[in-house]
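A.B. asks:
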Amino acid sequence: MIPAEHYVVLSALLFVIGGVGFLVRRNVLVTLMSIEVMLNASNLALVAFNRSRLARGLGQNYVGQSHTGQVFAFFIIAAEAAEVAVGLAIVLAFYRLRRTVRSDEADLLKN
Amino acid sequence: MRSLLPSPNDYVLIAVILGMPLLGAFVNGIWGNRLGKRAVRLMALGAVGVSFVASVLAFFSLAQLSNEDKGAHVKLVWTAWEWMHTTGGHGGASVPIEAKFSIDQLSGVMMLIVTGVGFLIHLYATSYMDTDKSYARFFAYLNLFIFAMLVLILADNLPLLFVGWEGVGLCSYLLIGFWYENAANAAAGKKAFIANRVGDFGLLCAMFLLVEYTGALDWNGIANGATNLLHPGDAYRVHVWPLGGGHYQGVLAFLNHPVTVSAATAVGMALLLGCTGKSAQIPLYVWLPDAMAGPTPVSALIHAATMVTAGIYLICRLSFVFVLSPFTMMMIAIVGAGTALFAATIAVVQNDIKKVLAYSTISQLGFMFLGVGVGAFTAGFFHVFTHAFFKACLFLCAGSVIHAMHARIHDDDKAQDVRNMGGLRKWLPLTHLSFAAATAAIIGFPLTSGFFSKDEILYRAFVDRTVNPEDGLGLVQKMTTYAPPQWIGPVLYATAVLAALLTAFYMCRLYLLTFWGDFKGWSIGRPSLLARREVAAAQLTSAQAAEPDADDARADADHPHHEDLATPGYPPHESPWQMTVPLIILAAFSLFAGVLDPGFGIFKERPLDHWLEPVFKAATERAVVFENGHDAAWAEHLEWPLALGGFLAFVVGTGLAWWVYIAKRGAPAQRLAETQPGLYHLLLDKWRIDELYDATVIAALESLAETASAVDKSLIDAVLARLTALLVAASGTVLRAFQNGVVHVYAAMMVVGLAFAGWFFAVPHPNATVADAGNDDYLVTAAPGVGYAYRWDADGDGKPEKQDFGGDTTLKLHLEPGKSQNVNLEVRNSFGLVRTKTIHLARPQEPTSSL
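Now the structure itself:
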């Protein structure tokens with residue numbers, strides 16, 4: 757079995773990639789994608805920790821077996837879907853307004 | 144009949160008496176403008192009318208009850224609800240305050256005056272106010288006024304009376320400032336309200352003192368506990384000075400000498416302040432002359448039936464408290480006599496018909512104060528009774544005169560100026576006769592009502608005095624109270640006679656100037672119809688042409704109310720029946736109400752005296768005696784000789800007025816005014832008391848207000864408000880630069896912030912609180928944190944007692960006095976980072992005892 761540390765390292769890598777992508781890329785669509793990557797990194801960590809707890813028998817104290825991590829991941833996926841829907845709507849509105857999807861053009865909230 | 148009326152202990156008819164005017168005020172106040180004039184009139188008159196009928200019924204059942212009880216102090220009681228509780232008395236007992244109303248002999252008579260005279264004034268006002276655009280509002284206020292006065296009269300305890308007391312204050316404010324578009328009227332309303340507030344302060348203080356000393360606020364309770372007000376013990380006295388028990392030091396130490404008065408005097412003087420406010424006595428009378436800014440029916444209501452009589456009523460009501468303090472009684476009498484004379488001197492030179500009457504009211508109220516002040520409560524109250532009729536009649540007559548003058552002169556001031564009147568008896572026969580009757584009553588024309596009531600007061604002022612009430616209480620341990628000087632009786636009598644003389648003079652002056660002589664109003668305003676007719680007639684006679692048009696001479700009540708100098712005006716005309724009928728009724732009462740309490744042994748019976756006897760029994764028996772220890776026979780012998788003073792005052796005053804204003808056509812008055820301009824203008828300016836108050840009290844208040852305003856502007860507005868706003872705005876300007884609208888910058892800042900927060904959570908933060916566990920022990924408790932483990936070094940030598948970190952969050956440490964010690968706390972978190980904190984503990988040296 758692959759130890760949990762591997763998953764966590766992968767998750768951290770994905771998170772950093774997402775974070776850096778979010779910070780450095782100017783295309784709003786890529787920014788959104790970066791957010792997705794970060795969220796999925798956290799999903800991965802959640803699922804991995806849950807799995808490792810189960811494997812070590814730490815979940816035995818609960819009634820049945822605890823799947824909190826997995827269930828939480830599903831909730832996050834649902835929230836992601838909603839977030840992407842809203843995000844894309846904003847992107848579309850922004851494109852109609854400015855004829856571009858470059859995020860540094862979006863400065864209407866200035867001052 | 145008996146079975147139809149409710150039982151005396153739950154006399155719900157009081158609810159009708161009180162409720163109807165309130166209902167009228169409510170209906171007219173809310174829907175009045177939509178209902179139309181006829182409905183408003185019906186509601187207002189119906190409300191007071193039903194209230195009056197109910198009052199008469201209640202009065203009869205009271206009379207029946209009184210007969211059955213052989214003249215005891217009887218009461219019809221109705222408890223509406225329990226209002227609140229307070230504590231009082233020296234034991235701190237609970238004092239219930241109920242919304243409880245009662246009718247006894249005293250309030251029964253007052254209730255009849257208020258509703259009866261009030262109804263007549265309402266009837267009069269339906270016509271007088273006919274052309275006013277705020278008809279409904281006027282009657283709503285008027286009904287509310289009657290309601291408030293009834294609450295004041297029928298209340299069975301002081302707090303409830305205070306509700307009515309404030310109610311009449313409010314209504315007087317609303318009605319005096321009824322024509323509030325005119326700033327002067329609004330100011331007059333405000334003045335009345337504020338002057339009354341000063342008096343209310345006194346009444347409130349009296350209430351606090353009463354509940355503290357007597358442990359009750361209802362009439363029976365106060366009467367039962369009244370003896371507590373007179374007690375020689377120091378704890379039972381009221382400390383007037385130093386204020387609030389303060390203590391002066393240094394050069395001011397001489398101020399520490401305490402001044403105490405008996406509780407009876409403190410209560411009495413506080414009540415007196417309240418009464419001078421409401422009943423317009425020195426020093427708070429200033430509002431009443433200005434109160435005539437309101438419509439004339441309001442003046443009649445304030446001066447006769449309601450409001451100003453409240454002070455006298457309260458003194459009568461609490462007579463058993465007042466007599467406990469001879470000093471207060473003497474002060475009441477002095478204030479009364481002083482006001483009577485003072486106001487009369489002003490009234491002599493005033494030219495405004497309503498102003499003369501206003502000062503005459505103040506003067507007459509002074510007579511009432513004098514009466515109750517010497518212990519002649521019945522006499523004082525009888526004067527309230529008769530004054531209600533003749534003063535209401537005088538004011539309503541004045542209204543009728545002004546109404547008539549308005550036909551010619553549309554300027555309010557000119558229409559009220561007696562110098563523009565004269566000879567009005569030709570046009571206003573009914574008003575003239577009523578005015579004459581009421582004048583006869585007020586100047587004390589023999590056998591009129593005013594003659595009897597005023598003479599009784601003069602007589603009693605001479606023969607009565609208030610003495611130490613404890614003689615009547617039969618207490619073992621007596622305290623010395625103030626004894627009024629021997630000369631006070633004759634001085635009061637002389638002052639009152641002089642005031643009566645001036646009354647006769649100025650009232651006759653007013654009457655003669657208004658109704659006799661020639662009408663002087665032709666030359667004012669537009670040319671009269673009559674004058675035009677005379678001119679036309681002259682032309683016609685010269686031309687030998689057709690006869691003049693007789694119809695033009697008829698006065699028309701519906702004349703247009705705007706000044707049009709091009710068309711001729713109408714001569715003064717008599718008022719419609721709604722106005723004259725009340726005049727005639729009131730005039731009849733002014734003339735004949737004296738039979739209710741005639742002196743001089745004219746009739747065997749003195750019904751009012753007999754009727755009110757049980758109310759004042761407790762007071763008069765206790766403390767009122769004849770002057771110099773004389774007996775009743777001595778006083779009886781003096782009745783006729785003393786009446787001579789009042790009669791002479793009437794004859795001289797009237798004769799003088801006749802000589803000056805009819806025989807000499809005002810020439811002597813003019814000559815006197817020219818030779819003594821200083822005195823004349825001093826009187827014309829009302830002794831310049833208003834100016835004195837302006838310069839002292841009001842100026843002091845204004846400078847205080849200005850200081851406060853300056854502090855507000857310079858300190859609070861400038862420093863506190865503006866400076867903080869400036870700081871916030873400045874920091875806003877700086878921080879706004881960071882808000883550049885670029886999402887990436889925001890994201891970067893978020894990352895930085897997260898990094899700081901992450902660092903904070905990644906590093907352990909050792910912290911501890913130290914508590915004294917007693918027995919020279921200290922308890923050191925480490926602050927909790929997620930994943931923290933602790934290691935203690937109790938002796939502070941750098942070597943922990945245990946090598947392993949554990950969950951031990953507390954450390955108990957023994958420390959001798961005067962010793963100190965360092966404790967090291969090491970905290971390790973889940974990341975394995977360790978931080979150390981050194982806690983210094985020191986126990987101070989215990990103070991050595993100096994045995």
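Chains as they are written, first to last, in the numbering used here: chain A, 757 to 867; chain B, 144 to 994.
Beta carbons are placed, not taken as given, at the ideal position from N, Cα and C, and that holds for glycine.
Is B/Y921 helix, strand or coil by DSSP?
C.D. replies: In this structure, B/Y921 counts as strand in the three-state DSSP scheme.
A.B. asks: Do the region 314 to 333 of chain B and the region 199 to 212 of chain B meet, that is, are 3 or more Cβ pairs less than 8 Å apart?
C.D. replies: Segments in contact, no.
A.B. asks: Any residues in the region 863 to 891 of chain B with a beta carbon nearer than 7 Å to a beta carbon of chain A? Which ones, in chain order?
C.D. replies: Answer set for the region 863 to 891 of chain B: R879, Q882, N883, G884, V885, V886, H887, A890 and A891.
A.B. asks: Taking the straight line between their C-alpha atoms, what separation do you get for B/G172 and B/V515?
C.D. replies: In a straight line, the C-alpha of B/G172 is about 38 Å away from that of B/V515.
A.B. asks: Which class does B/K180 belong to by DSSP, given the choice of helix, strand or coil?
C.D. replies: Reduced to three states, the DSSP call for B/K180 is helix.
A.B. asks: B/K945 to B/V906, Cα distance in whole Å?
C.D. replies: So the alpha carbons of these two residues sit roughly 22 Å apart.
A.B. asks: List, in chain order, every chain C residue whose beta-carbon is nearer than 8 Å to that of A/A862.
C.D. replies: Looking for chain C here will not work: the only protein chains present are A and B.
A.B. asks: Can you tell me which of the three DSSP states B/R749 falls into?
C.D. replies: Three-state DSSP puts B/R749 in coil, outside helix and strand.
A.B. asks: Restricting to Cα atoms, I'd like to know which of B/T229, B/Q248, B/N972 and B/W935 is closest to B/R460.
C.D. replies: The option with the nearest alpha carbon to B/R460 is B/Q248.
A.B. asks: Going by alpha carbons, who is nearest to B/G479 out of B/F463, B/T981 and B/I505?
C.D. replies: Closest option to B/G479, Cα to Cα, is B/I505.
A.B. asks: If the cut-off is 7 Å on Cβ atoms, which residues from the region 778 to 804 of chain A count as contacting chain B, listed in chain order?
C.D. replies: Listed by position along the chain: F778 and L779.
A.B. asks: Taking only beta-carbon atoms, is B/V913 less than 8 Å away from chain A?
C.D. replies: Judged by the 8 Å Cβ criterion, B/V913 is not in contact with chain A.
A.B. asks: For a contact meaning CB atoms closer than 7 Å, what does A/S859 contact in chain B?
C.D. replies: Those within 7 Å of A/S859 in chain B are V886 and H887.
A.B. asks: Closer than 6 Å by C-beta to B/L200: which residues in its own chain qualify, once you throw out the five before and the five after it? Chain order, please.
C.D. replies: Within the same chain, B/L200 has no close Cβ partners at all.
A.B. asks: Suppose you measure from the CA of B/A693 to the CA of B/T274; what does that come to, to the nearest Å?
C.D. replies: With a pLDDT of only 38 at B/A693, under the threshold of 50, the placement of this residue in the model should not be trusted; the figure read from the coordinates follows. Rounded to whole angstroms, B/A693 to B/T274 spans 27 Å at the Cα level.
A.B. asks: Please classify B/P438 as buried or exposed, where buried requires at least 16 other C-beta atoms within 10 Å of its C-beta.
C.D. replies: It is buried - the Cβ of B/P438 has at least 16 other Cβ atoms within 10 Å.
A.B. asks: From B/D560 to B/S857, what does the alpha carbon distance come to, in whole angstroms?
C.D. replies: Distance between the alpha carbons of B/D560 and B/S857: 49 Å.
A.B. asks: Could you compute how far the alpha carbon of B/I832 sits from the alpha carbon of B/V402?
C.D. replies: Near 30 Å, if we compare the C-alpha coordinates of B/V402 and B/I832.
A.B. asks: Helix, strand or coil for B/M186 per DSSP?
C.D. replies: Residue state, collapsed to three classes: helix.
A.B. asks: May I ask you to list the residues that DSSP assigns as paired with B/R971?
C.D. replies: DSSP lists B/A932 and B/V977 as partners of B/R971.
A.B. asks: To the nearest angstrom, how far is it from the Cα of B/T839 to the Cα of B/L847?
C.D. replies: Approximately 12 Å, taken between the alpha carbons.
A.B. asks: Using a C-beta cutoff of 8 Å, does B/V895 count as contacting chain A?
C.D. replies: Closer than 8 Å: no.
A.B. asks: Confirm, please, whether the CB-CB distance from B/H553 to B/Y271 is below 8 Å.
C.D. replies: No, they are not a contact pair.
A.B. asks: Run through DSSP, which three-state label would A/N799 get?
C.D. replies: Reduced to three states, the DSSP call for A/N799 is helix.
A.B. asks: Which residue comes first and which comes last in the beta strand (DSSP E) that contains B/T230?
C.D. replies: Element bounds for B/T230: L219 to G231.
A.B. asks: Using 8 Å as the threshold, is the C-beta distance between B/A916 and B/K955 below it?
C.D. replies: Yes, the Cβ-Cβ distance between B/A916 and B/K955 is below 8 Å.
A.B. asks: Contact between the region 382 to 399 of chain B and the region 323 to 338 of chain B: three or more CB pairs below 8 Å?
C.D. replies: As far as the Cβ criterion goes, the region 382 to 399 of chain B does not touch the region 323 to 338 of chain B, which means the pair count is below three.
A.B. asks: Can you tell me whether B/N210 is buried or exposed, with buried defined as 16 or more other CB within 10 angstroms of its CB?
C.D. replies: When all chains shown are included, B/N210 counts as exposed.
A.B. asks: Going along chain B, which residues have a C-beta under 8 Å from A/L865?
C.D. replies: Going along chain B in sequence order, the residues near A/L865 (Cβ under 8 Å) are Q882 and G884.
A.B. asks: Here's the rule: buried if 16 or more other CB atoms are within 10 angstroms of the residue's CB, otherwise exposed. What is A/K912?
C.D. replies: The question about residue 912 of chain A has no answer, for chain A in this structure spans 757 to 867.
A.B. asks: If you check the beta carbons only, do A/G825 and A/L802 fall under 8 Å apart?
C.D. replies: It is a contact, given that the beta carbons lie within the stated cut-off.
A.B. asks: Using the Cβ count rule (16 or more neighbours within 10 Å means buried), how would you classify B/A522?
C.D. replies: Result: buried.
A.B. asks: Just to confirm, is the Cβ distance from B/A453 to B/W308 under 8 Å?
C.D. replies: Against a cut-off of 8 Å, the Cβ pair of B/W308 and B/A453 comes out as a contact.
A.B. asks: Report, in whole angstroms, the separation of the C-beta atoms of A/G774 and A/A797, which I expect to be a contact under 8 Å.
C.D. replies: Yes, A/G774 and A/A797 are in contact; Cβ-Cβ is about 6 Å, under 8 Å.
A.B. asks: I'd like the list of long-range same chain contacts for B/F524, defined as Cβ closer than 6 Å, with 5 residues on each side in sequence excluded.
C.D. replies: Hits under 6 Å: C459.
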